[in-house]
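Engineer: Quick one: this structure, given as structure tokens, is what I'll be asking you about.
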């Protein structure tokens, strides 16, 4: 078998047992890493209705077939468990260096069960695996902990994955970081680590990916060719120059920059938070993930000091800037830094504060609830104070640490209307009212609202654009307007969702393959061949992605989710207050009709949203139909 | 004419800048002006002429105008 060690590390923190399992090629070909491995193990090894904070919750860290390959953007790994934020299949992916290092240590995945009696961290050095005490690391910032682990193990090149104080305190949207600059932010995977008393996983590996590859020379040649192309391709060149903060201005112009808790689509002070301001006030350098020529990561200086956590991505700028009515870029960068020091998901943190600000504005909470803080839109000091309170679960921070959906239940009244979430997870900083497939993606995503389910609609509008032409090999041939719910649009969704899911299985970043960036469909297939020896058609590759989606879907059905949960906050069916799309409305009826069309394309029951046995069997998932009792 | 572009559209600009002055002796079709500069109109998502959204293929521009171009944006 090529492209993988096929070795799974199993760690039971209750009993301190450590085992290594080797997978067969037949198995791995169906589930070649990441999202697919996670879905398989969560379904087959965990009973339904396990409390996300119980020792029985299975926490999976999984690389993909290509994670660590010498190909730009093939750096990603998945963290998965039942989510404490949504109660559904949980998943969050990240790039950086930790995934490739795990692969080089000889493991495809780590499966963690149980709960350590005291805080611990895991130390993996090739075949040496050790559970080590971490009482001395508990309660410390992520930067402190990374340095402490590297010092005590005597190697500065060790890659440290960890949660933070927020994870220790089981904030339901606590995340995970690796190398301090790369984040499995979403779905509360850090809180699951905290519930297991697992603060960190330190890894050092000595293999090279080339020794795993079927055709190492072809893989290296492809990697070199792609690295050169980064500067010759507009989208990847732009990511290198500006990174994701470069998105702010164009979103604002399109009236789709979430502003003041999604009430508005344009921010009057956009000039103060757009890229040119970021470059002038914050930027010091550009960095990358492992072996990636895109280099979309930013380094910044805050208060005269270089931040150890890197600079805010677009999502953080959006969540702490326009969506809170805040235009102080330094405060936005500080908010991002606090989240990373304590390991909070910056999207859910910002969105939950936006929710709280709107509750405050409507008198649902007052100064007596906030400890005297005037929780108004635009108040940067209030934002920074609230982040500290959420991470430590102090005062109203304890309520907000539950996420906006649960907090709304506690606050009562109309609060529920201001919680902008799907299945309990807060919306990312993308406005569906100007790109309808993003809305479908928020609604249908198994992990709750997520912006990386499909490539966003504006790239699929013009048949002569490079992005549209790039996905013709996948079967997308008829362009569609961004704001329409047609049968053809749902075909776009079905194909692009499977394609993006494939990326999450095999380890590619959203900023690698077309249509978002520069790696063509045939090059993705060639990278799979050079890594594994498998000669896949585009249709077979799409099926790998579709299979992973269906396992996550079956997991959710087993937990009681159904079509009624594939919905959007009421506000998104009302008009925006300003910007280019002011006054335009997305129809709920058309949205529901589109969902029905999409279910049929996916082979899912239109009434219940449940995958049919026929479709599951076609995806080699008959066992999942048996497991979920699908007739 | 002042031309300002956002994001990846500056990839096509002379010197990859975000803003240039394009002298126009007489009114011209924007699409022709862009073509002369090597900026593909098919990669433009939103066009604003003096603050008003217009169709990049239809609009006529004059020397005193300000044109802003925005690309399609796809998250991340």
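Protein chains in written order, with this note's numbering: chain A, -11 to 619; chain B, 8 to 83. Built from N, CA and C at the ideal position, the CB exists for glycine as well.
Is the shortest distance between the beta-carbon of residue 339(A) and the beta-carbons of chain B less than 7 Å?
Structural biologist: Looking up residue 339(A) in the first chain gives position 351. Chain B, which has no Cβ nearer than 7 Å to the Cβ of residue 339(A), makes this no.
Engineer: Alpha carbon to alpha carbon, how far is residue 103(A) from residue 5(A)?
Structural biologist: As a working mapping, residue 103(A) is identified with position 115 in the first chain. As a working mapping, residue 5(A) is identified with position 17 in the first chain. Cα to Cα, residue 103(A) sits roughly 12 Å from residue 5(A).
Engineer: Use the C-beta contact count for residue 450(A): other C-beta atoms within 10 angstroms, 16 or more gives buried, fewer gives exposed.
Structural biologist: As a working note, residue 450(A) is residue 462 in the first chain. So residue 450(A) ends up on the buried side.
Engineer: Return no unless some Cβ of chain A is closer than 7 Å to the Cβ of residue 38(B).
Structural biologist: Position 31 of the second chain, counted from the first residue, corresponds to residue 38(B). Chain A contact via Cβ: absent.
Engineer: Around the C-beta of residue 634(A), are 16 or more other C-beta atoms found within 10 angstroms, so that it is buried, or is it exposed?
Structural biologist: Residue 634(A) is absent from the model: chain A starts at -11 and stops at 619.
Engineer: When the cut-off is 7 Å and only beta carbons count, does residue 62(B) lie next to chain A?
Structural biologist: The residue labelled residue 62(B) in the question sits at position 55 within the second chain. Contact with chain A is absent for residue 62(B), since none of that chain's Cβ atoms lies less than 7 Å from the residue's Cβ.
Engineer: What are the boundary residues of the alpha helix (DSSP H) that residue 590(A) is part of?
Structural biologist: Residue numbering aside, residue 590(A) sits at position 602 when the first chain is read from its first letter. Residue range 576 to 590 is occupied by the alpha helix (DSSP H) that includes residue 590(A).
Engineer: Would you identify the three-state DSSP class for residue 224(A), choosing helix, strand or coil?
Structural biologist: Position 236 of the first chain, counted from the start, is the residue given in the question as residue 224(A). DSSP places residue 224(A) in helix when its eight states are reduced to three.
Engineer: Express the C-alpha separation of residue 26(B) and residue 41(A) in angstroms, rounding to a whole number.
Structural biologist: Here residue 41(A) refers to the residue found at position 53 of the first chain. Here residue 26(B) refers to the residue found at position 19 of the second chain. Cα to Cα, residue 41(A) sits roughly 53 Å from residue 26(B).
Engineer: Measuring CB atoms only, is the region 598 to 617 of chain A touching the region 463 to 479 of chain A, in the sense that at least three cross pairs come out at less than 8 Å?
Structural biologist: no
Engineer: Leaving out five residues on either side along the sequence, give the residues of the same chain with a beta carbon under 8 Å from the beta carbon of residue 402(A).
Structural biologist: Here residue 402(A) refers to the residue found at position 414 of the first chain. Close CB contacts of residue 402(A) within its chain, under the 8 Å cut and outside five residues either way in sequence, are with 350, 352 (chain order).
Engineer: Please determine, among 428(A), 199(A), 445(A), the residue with the shortest C-alpha to C-alpha distance to residue 438(A).
Structural biologist: As a position in the first chain, residue 438(A) is number 450, starting the count at 1. The candidate whose alpha carbon is nearest that of residue 438(A) is 428(A).
Engineer: Pull up the CB-CB distance for residue 445(A) and residue 479(A), whole angstroms please, since I reckon it's below 8 Å.
Structural biologist: Mapped onto the first chain, residue 445(A) falls at position 457. Mapped onto the first chain, residue 479(A) falls at position 491. With a beta-carbon spacing of about 13 Å, residue 445(A) and residue 479(A) fall beyond the 8 Å limit used to define contacts.
Engineer: Quick check: what's the CA-CA separation for residue 209(A) versus residue 30(A)?
Structural biologist: Counted from its first residue, the first chain places residue 209(A) at position 221. Counted from its first residue, the first chain places residue 30(A) at position 42. Cα to Cα, the separation comes out at about 37 Å.
Engineer: Mind checking the region 214 to 227 of chain A against chain B and listing, in chain order, the residues whose C-beta falls within less than 7 Å of any C-beta there?
Structural biologist: 222, 223, 225, 226
Engineer: For residue 108(A), which residues from the same chain have a beta carbon less than 8 Å from its beta carbon, with the 5 sequence-adjacent residues on both sides left out?
Structural biologist: For the purposes of this step, residue 108(A) is taken as residue 120 along the first chain, with counting starting at 1. Only 1, 119, 120, 121, 122, 185, 186, 187 meet the Cβ criterion.
Engineer: Between 68(A), 316(A), 265(A), which lies nearest to residue 366(A) when the distance is taken from Cα to Cα?
Structural biologist: By 1-based counting over the first chain, the position of residue 366(A) is 378. Checked all of 68(A), 316(A), 265(A); the closest Cα to residue 366(A) is 316(A).
Engineer: Using a Cβ-Cβ cutoff of less than 6 Å, which residues in the same chain neighbour residue 435(A) once the five nearest sequence positions on both sides are dropped?
Structural biologist: By one-based count along the first chain, residue 435(A) stands at place 447. If we look at residue 435(A) and ignore the five residues flanking it on each side, its Cβ neighbours are 79, 175.
Engineer: CB residue 408(A) to CB residue 306(A), shorter than 7 Å?
Structural biologist: Here residue 408(A) corresponds to residue number 420 of the first chain, with the count starting at 1. Here residue 306(A) corresponds to residue number 318 of the first chain, with the count starting at 1. No, the pair does not count as a contact, with Cβ atoms beyond the cut-off.
Engineer: Would residue 609(A) and residue 544(A) be called neighbours here (beta carbons separated by less than 7 Å)?
Structural biologist: Position 621 of the first chain, counted from the start, is the residue given in the question as residue 609(A). Position 556 of the first chain, counted from the start, is the residue given in the question as residue 544(A). For residue 609(A) and residue 544(A), no; Cβs fall outside 7 Å.
Engineer: Between residue 420(A) and residue 296(A), what straight-line distance do the alpha-carbon atoms span, to the nearest angstrom?
Structural biologist: Start at 1 with the first residue of the first chain, and residue 420(A) comes out as number 432. Start at 1 with the first residue of the first chain, and residue 296(A) comes out as number 308. Roughly 34 Å between the two C-alpha positions.
Engineer: Based on Cα-Cα distance, which residue from 137(A), 203(A), 150(A), 583(A) lies nearest to residue 49(A)?
Structural biologist: Here residue 49(A) refers to the residue found at position 61 when the first chain is read from its first residue. Measuring from the Cα of residue 49(A), the nearest candidate turns out to be 150(A).
Engineer: Between residue 621(A) and residue 86(A), which are expected to be in contact by the criterion C-beta below 8 Å, what is the C-beta distance as a whole number of angstroms?
Structural biologist: As shown, chain A starts at -11 and ends at 619. That puts residue 621(A) outside it, with no answer to give.
Engineer: Whose Cβ in chain A lies nearer than 7 Å to the Cβ of residue 78(B)?
Structural biologist: Residue numbering aside, residue 78(B) sits at position 71 when the second chain is read from its first letter. Close to residue 78(B), with beta-carbon spacing below 7 Å, are these residues of chain A in chain order: 238.
Engineer: Checking 7 Å against the spacing of the C-beta atoms, do residue 506(A) and residue 251(A) come in under that value?
Structural biologist: As a first step, residue 506(A) must be located in the first chain, where it is residue number 518. As a first step, residue 251(A) must be located in the first chain, where it is residue number 263. It is not a contact, given that the beta carbons lie outside the stated cut-off.
Engineer: Anything in the region 445 to 465 of chain A with a Cβ closer than 8 Å to a Cβ of chain B? List those residues in chain order, please.
Structural biologist: 446, 447, 449, 450, 452, 453, 454, 455
Engineer: Closer than 7 Å, Cβ to any Cβ of chain A: which residues of the region 42 to 54 of chain B, in chain order?
Structural biologist: Going along the region 42 to 54 of chain B in chain order, one finds 49, 50, 52, 53 with a Cβ nearer than 7 Å to chain A.
Engineer: Report the rounded CA-to-CA distance for residue 61(A) versus residue 398(A), giving the unit in angstroms.
Structural biologist: Along the first chain, one-based indexing puts residue 61(A) at 73. Along the first chain, one-based indexing puts residue 398(A) at 410. Looking at the two C-alpha atoms, the distance is approximately 42 Å.
Engineer: Looking only at C-alpha atoms, which of 43(A), 314(A), 152(A) sits nearest to residue 100(A)?
Structural biologist: By one-based count along the first chain, residue 100(A) stands at place 112. The shortest C-alpha separation from residue 100(A) is found at 43(A).
Engineer: Looking at the secondary structure, which residues open and close the beta strand (DSSP E) in which residue 116(A) lies?
Structural biologist: Numbered from its first residue, the first chain carries residue 116(A) at position 128. Segment 116 to 121, the beta strand (DSSP E) holding residue 116(A).
Engineer: How about residue 288(A) and residue 270(A): are their beta carbons less than 7 Å apart?
Structural biologist: The residue you call residue 288(A) lines up with position 300 of the first chain. The residue you call residue 270(A) lines up with position 282 of the first chain. Between residue 288(A) and residue 270(A), the CB-CB gap stays under 7 Å.
Engineer: Secondary structure at residue 95(A), three-state DSSP: helix, strand or coil?
Structural biologist: Counting from 1 along the first chain, the entry for residue 95(A) is found at position 107. Reduced to three states, the DSSP call for residue 95(A) is coil.
Engineer: Okay, do the region 501 to 516 of chain A and the region 378 to 396 of chain A touch, 3+ Cβ pairs below 8 Å being the bar?
Structural biologist: no
Engineer: For chain A, find out if any of its Cβ atoms is closer than 7 Å to the Cβ of residue 6(B); answer yes or no.
Structural biologist: Because chain B in this structure spans residues 8 to 83, residue 6(B) falls outside the shown range and cannot be described.
Engineer: When the Cα atoms are used, what is the spatial distance from residue 426(A) to residue 477(A)?
Structural biologist: One-based indexing of the first chain puts residue 426(A) at position 438. One-based indexing of the first chain puts residue 477(A) at position 489. Near 11 Å, if we compare the C-alpha coordinates of residue 477(A) and residue 426(A).
Engineer: Short of 7 Å in beta carbon distance, which residues of its chain neighbour residue 578(A), apart from the five on each side in sequence? Order them along the chain.
Structural biologist: Your numbering for residue 578(A) matches position 590 in the first chain. Result list for residue 578(A): 473, in chain order.
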